[in-house]
Each structure stands twice: as C-alpha cells, then as structure tokens.
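Heads up: the protein sequence lines correspond to chains H and V, in order. Be aware that the first sequence starts at 1, since it is given in my numbering, and climbs by one per residue. Be aware that the second sequence starts at 1, since it is given in my numbering, and climbs by one per residue. Step one of this worksheet: look at the structure below.
Number of protein chains: 2
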Amino acid sequence: MRIAELSRRTGVPVATIKYYLREGLVPHGERTSPNQARYDESHLHRVRLVRALVEVGGLPIATAREVLTLMHEPGRGRLESLGKVHFAVQRARQPHAEAPSEESVARVAALVARRGWRARETNPARTALAGVLDHLDRLGEPDALGLLDSYADAAERLAGAEVATLVGSEVDHLAERVVIMTALGGVLLDALRALAQESAATAALES
Amino acid sequence: MRIAELSRRTGVPVATIKYYLREGLVPHGERTSPNQARYDESHLHRVRLVRALVEVGGLPIATAREVLTLMHEPGRGRLESLGKVHFAVQRARQPHAEAPSEESVARVAALVARRGWRARETNPARTALAGVLDHLDRLGEPDALGLLDSYADAAERLAGAEVATLVGSEVDHLAERVVIMTALGGVLLDALRALAQESAATAALES
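Right, dumping it as structure tokens:
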C-alpha cells in the first residue's frame with residue numbers, strides 16, 4: 001500500500017508517519033520510484049504500535065525507538081532484552097524527580113524483602129517508589145494513606161496474571177506484549193480504578 | 001518564615017514558589033514590607049502539595065489550580081466538589097486521544113454494568129478506557145491480553161480499601177486525601193507493579 005493508505009488505515013496523519021520513518025520508529029517501505037514507497041501489513045502494525053506507545057503510554061520518541069530496537073534484537077540475548085524493554089518503559093512512565101532519601105530507599109528494600117520479591121537493585125521502579133514515599137512523608141501521610149500493603153497485594157496478584165499470559169506467547173510476540181502490558185496496562189488500570197472508586201464512594205456516601 | 005526558608009524547607013526553588021504565587025496555586029503571605037512577606041506552616045504544606053501534584057502526579061498547572069480551588073470551596077456542596085476534584089485529576093492523568101469507537105464505549109458500559117459499578121456517564125475514565133480498548137483491538141489484542149477482568153478485580157478491591165480510608169477522614173482533610181490518592185496512588189501502584197512483574201517473570205523463567 002502507499003503511505004496515504006497506511007495513513008487512512010491507521011488514522012495517523014501522513015506527516016506523522018513520515019516523522020516516524022525519519023526517526024527510525026518505522027522501517028522504510030520498499031521504494032517503487034524516487035518519490036514513492038510501498039508498505040505492507042508489518043508497517044501497518046508498527047505504526048499502530050508506535051502510536052499506542054506514544055499517545056497512550058506517553059513514551060517519548062527516543063524511548064519508543066530504544067524499546068523498538070531492543071524488541072527486535074535477534075536471537076540470543078532476547079530474554080535479556082525483555083528485561084531492558086521493561087525497565088526502559090518504566091523509566092519513561094515515571095516522574096523525573098530529585099534523588100529519593102536514603103530512608104525511603106531502605107523502606108522500599110524492606111518492602112521488597114518482606115514480599116519476597118526478586119527485583120534487582122537496578123529496577124527503576126525502586127527509585128520511583130521511594131520518591132513517592134518521600135512526597136507522602138512530607139505531606140503528613142507517612143504510611144501512604146495506610147494503603148501500601150493493599151497496593152502491593154494488588155500489584156503482586158496482577159503480576160502473576162500478567163506473567164502467566166506471557167508464558168504462552170511465542171518469543172517473537174513476547175517483547176511486544178511486554179511493551180503493551182507495561183505501557184498500556186497502567187493506563188487501563190488507572191481508568192478502571194477511577195470507575196471503581198466512584199462506585200465505592202457513591203455506596204459509602206449513602207450508608 | 002521568609003520565602004527563602006520556605007524554599008529551603010520544601011526544596012522548591014524561590015523562583016518556582018514565586019511562580020506558584022503568581023499562578024494562584026499558593027496563597028500570598030502576610031506582607032511585612034513592600035518587598036517581603038511572611039509565610040506560615042499552611043504555606044509550607046501547600047507548596048509541598050502543589051509540588052507533589054505537579055512533579056509526581058503530572059498535573060498541568062491549570063489543573064492543579066482547578067483542583068486546589070475546588071478543594072477549598074466552603075461548606076455546602078463540598079461532597080459534590082469531591083467528585084469534581086476526582087474527575088479533574090483523572091482527566092489530567094489520562095491521554096488525550098481521538099474519540100473512542102462506539103463499540104468500545106459500549107464494551108465499557110457493559111463492563112461497568114456487569115461489575116455493578118455505579119459510575120456516572122460523565123466519568124472521564126470511561127472515554128480513557130474505551131480509547132485503550134480501541135488501541136488494543138488494532139494491535140490484535142482485542143481481549144486486552146485476557147487481563148481485563150484481572151485488572152477490574154484489582155481496581156475494585158483497591159477502591160474498596162481506598163474509600164474505607166477516606167471515610168474516617170475529617171471533611172477538611174478529605175479533598176486533599178482524594179487528590180493525593182488519585183494523583184500519587186497511580187504512580188505508587190505502577191512502581192509496585194513493575195517490581196512484582198520483574199519478580200514474577202524471574203520465577204517463571206526459572207521453572
């Protein structure tokens with residue numbers, strides 16, 4: 001298909017697709033003349049993936065490129081790449097803040113140990129979590145509204161379900177599902193929480 | 001205290017505090033001379049709250065102002081304000097995308113009905129959720145990786161715990177806790193999920 005059809009079928013403007021091509025987020029099509037190229041279903045899928053990562057997952061272009069490159073590393077080391085993909089998406093989705101206090105970093109380490117979670121020291125979520133704990137401390141909510149364990153329970157249960165769905169995936173598809181789950185799963189969960197919160201609050205106000 | 005001490009104790013640069021003052025996010029201090037004002041503990045707390053909402057929660061300045069104004073509406077209508085605060089924070093945290101398909105909007109309505117959730121048609125999370133479902137459809141993951149019900153279970157359980165902690169709050173403190181929970185709770189949960197995911201993946205790869 002021509003770029004115009006790629007645009008029509010993905011809903012992404014031609015100018016944006018050209019930008020993705022220039023930035024290396026989408027591979028170039030097969031050139032059919034000096035000014036035209038032909039694209040196939042793989043391009044269609046890639047444009048949709050980039051759009052979801054950038055528009056919904058909020059990934060910066062540079063991170064999307066890093067993730068897409070890691071996703072397509074050939075053969076060996078692919079499982080290692082999965083970990084890198086996971087960390088890269090996380091880093092992009094978490095707020096950039098000052099270094100967290102040693103005390104909060106220690107609290108996170110204690111939580112991870114208490115839970116028996118096997119999470120590396122380099123997992124960027126440790127810093128993000130410690131940073132939020134610092135903010136909550138300063139706001140006079142040192143116990144994270146008393147909800148830290150409820151959140152950890154939910155995270156643990158979800159992670160079990162998430163990883164179970166990945167286990168059955170073909171290797172080729174695995175990295176993409178990790179990216180989708182990490183970048184879009186959080187947005188999905190946020191929206192569901194907002195609906196469930198309204199519902200629970202409505203019920204509580206009546207009782 | 002002077003603005004310099006306010007800066008030192010909050011870690012927010014003087015220029016940023018002046019910006020918050022100009023934008024109406026922090027009330028002006030008591031003027032003690034043409035060029036100086038005195039601030040108290042309430043200013044200290046407010047600067048910390050604004051910083052958490054903007055830096056961690058990712059709220060735009062305009063939304064933070066809207067939320068802070070709603071939070072301090074006096075007396076009657078305060079519970080109604082709580083709902084507005086909740087929606088405003090949600091809107092800011094969710095991606096701006098094209099209108100979702102009717103089909104996905106209907107899927108969300110069906111999910112809400114199946115769950116027995118009492119969530120208004122105007123809850124902005126409906127549109128956000130429908131938009132993510134559209135993206136997943138286009139990526140060939142129409143069942144949201146098979147995880148939609150797991151996410152909904154987690155959301156429902158968490159919302160129950162969240163609302164239970166709010167019920168005991170004094171009215172003055174209620175709006176602030178709703179804001180903190182909505183803006184920071186999602187970031188907290190995202191970080192915990194990333195740690196639990198790494199742990200579950202590590203265990204799965206070994207077995």
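Positions of the beta carbon are idealized from the N, C-alpha and C atoms, including for glycine. Since the model is a prediction, treat every value here as computed from it, not as a measurement.
So what's T32(V) in DSSP terms, helix, strand or just coil? The count along the second sequence starts at 1 and reaches residue 32(V) at position 32. In the three-state reduction of the DSSP assignment, T32(V) falls in the strand class, which pools E and B.
Nearest chain H C-beta to S199(V) closer than 7 angstroms, yes or no? Here residue 199(V) refers to the residue found at position 199 when the second sequence is read from its first residue. It does; some Cβ of chain H falls within 7 angstroms.
Under 7 angstroms, Cβ to Cβ, is there at least one residue of chain V near Q36(H)? The count along the first sequence starts at 1 and reaches residue 36(H) at position 36. So, not an interface residue.
So which residues on chain V does V112(H) lean against when the C-beta distance must stay under 7 angstroms? To locate residue 112(H), count along the first sequence from 1; it is residue 112. Listed along chain V are L195, each with a C-beta nearer than 7 angstroms to that of V112(H).
CA nearest to the CA of G57(H), picked from D137(H), Q197(H), D149(H) and V179(H): For the purposes of this step, residue 57(H) is identified with residue 57 of the first sequence, where counting begins at 1. Among D137(H), Q197(H), D149(H) and V179(H), the Cα nearest to that of G57(H) is on V179(H).
Could you pull out every residue in the same chain whose Cβ sits closer than 6 angstroms to the Cβ of R126(H), ignoring the five residues on either side in sequence? Working through the first sequence from its first residue, we reach residue 126(H) at position 126. Taken in chain order, the residues that qualify are V108.
Secondary structure of R118(V), DSSP reduced to three states: The count along the second sequence starts at 1 and reaches residue 118(V) at position 118. R118(V) falls in the coil class under three-state DSSP.
Is A64(H) helix, strand or coil when you go by DSSP? Position 64 of the first sequence, counting from 1, holds the residue named residue 64(H). Residue state, collapsed to three classes: helix.
If you measure between the beta carbons of E198(H) and A119(V), is that distance less than 7 angstroms? One-based indexing of the first sequence puts residue 198(H) at position 198. One-based indexing of the second sequence puts residue 119(V) at position 119. Yes, they are a contact pair.
As assigned by DSSP and simplified to three states, the class of R209(H): The question about residue 209(H) has no answer here: the residues shown for chain H are numbered 1 through 207.
Beta-carbon neighbours of R118(H), restricted to chain V and to distances below 8 angstroms: On the first sequence, residue 118(H) is found 118 positions in, with the first residue counted as 1. Against R118(H), the close residues of chain V are E198, S199, T202 and A203, in the order they occur along the chain (beta-carbon pairs closer than 8 angstroms).
contact_flag[the stretch 129 to 145 of chain H, the stretch 98 to 112 of chain H] where n(CB pairs < 8 angstroms) is 3 or more: Result yes; three or more Cβ-Cβ pairs closer than 8 angstroms.
Assess, as a yes-or-no matter, whether the stretch 145 to 154 of chain V is touched by the stretch 154 to 162 of chain H under the definition of 3 or more beta carbon pairs within less than 8 angstroms. Flag = yes, the stretch 154 to 162 of chain H and the stretch 145 to 154 of chain V touch.
Excluding the 5 residues flanking V14(V) on each side, which residues of the same chain have their C-beta closer than 6 angstroms to its C-beta? Here residue 14(V) refers to the residue found at position 14 when the second sequence is read from its first residue. In chain order, I3 and S7 place their CB closer than 6 angstroms to the CB of V14(V), counting only its own chain and leaving out the 5 sequence neighbours on each side.
Alpha-carbon spacing of L188(V) relative to E41(V), whole angstroms: On the second sequence, position 188 is the one that residue 188(V) refers to. On the second sequence, position 41 is the one that residue 41(V) refers to. Cα to Cα, L188(V) sits roughly 26 angstroms from E41(V).
Could you pull the DSSP bridge partners for A37(H) from this structure? Position 37 of the first sequence, counted from the first residue, corresponds to residue 37(H). As computed with DSSP, A37(H) is found in a beta bridge with R31(H).
Just to confirm my understanding: we take V50(H), look at its own chain, exclude 5 residues before and 5 after, and list those with CB closer than 7 angstroms. What are they? Here residue 50(H) corresponds to residue number 50 of the first sequence, with the count starting at 1. So the list reads Y20, L25, V26 and A64, once near-sequence residues are dropped.
Taking the straight line between their C-alpha atoms, what separation do you get for V67(V) and S104(H)? What you label residue 67(V) is simply residue 67 of the second sequence in a count that begins at 1. What you label residue 104(H) is simply residue 104 of the first sequence in a count that begins at 1. Near 28 angstroms, if we compare the C-alpha coordinates of S104(H) and V67(V).
Looking at chain V, is there any beta carbon in it that lies within less than 7 angstroms of the beta carbon of A175(H)? Sequence index remark: in the first sequence, residue 175(H) carries index 175 (1-based). No, because no Cβ of chain V sits closer than 7 angstroms to the Cβ of A175(H).
Does the Cβ of H135(V) have 16 or more other Cβ atoms within 10 Å, making it buried, or fewer, making it exposed? Taking the second sequence and counting its residues from 1, one reaches residue 135(V) at position 135. Buried, because 16 or more other Cβ atoms sit within 10 Å of the Cβ of H135(V).
Measure the alpha-carbon distance for L53(V) versus R157(H) and round it to whole angstroms. Here the question's residue 53(V) lines up with position 53 in the second sequence. Here the question's residue 157(H) lines up with position 157 in the first sequence. Within the model, the alpha-carbon separation for L53(V) versus R157(H) is close to 28 angstroms.
Our contact map puts S33(V) next to A175(V) with C-beta atoms below 8 angstroms; I'd like the distance itself, whole angstroms only. The sequence position of residue 33(V) within the second sequence is 33, counting from 1. The sequence position of residue 175(V) within the second sequence is 175, counting from 1. S33(V) to A175(V), Cβ: 34 angstroms. No contact.
Nearest to R115(V) by alpha carbon, out of P60(V), A155(V), A201(V) and L139(V)? Looking up residue 115(V) in the second sequence gives position 115. Closest option to R115(V), Cα to Cα, is A155(V).
What does the alpha-carbon distance come out to for the pair K84(H) and L205(V)? For this step, residue 84(H) is matched to residue 84 along the first sequence. For this step, residue 205(V) is matched to residue 205 along the second sequence. Taking the straight line from one Cα to the other gives about 15 angstroms.
Between the CA atoms of V167(V) and V47(H) - distance to the nearest angstrom: Mapped onto the first sequence, residue 47(H) falls at position 47. Mapped onto the second sequence, residue 167(V) falls at position 167. V167(V) has its alpha-carbon roughly 46 angstroms from the corresponding atom of V47(H).
With respect to the alpha helix (DSSP H) encompassing G213(V), which residues constitute its N-terminal and C-terminal limits? Because chain V is modelled from 1 through 207, residue 213(V) falls outside the range shown and cannot be assessed.
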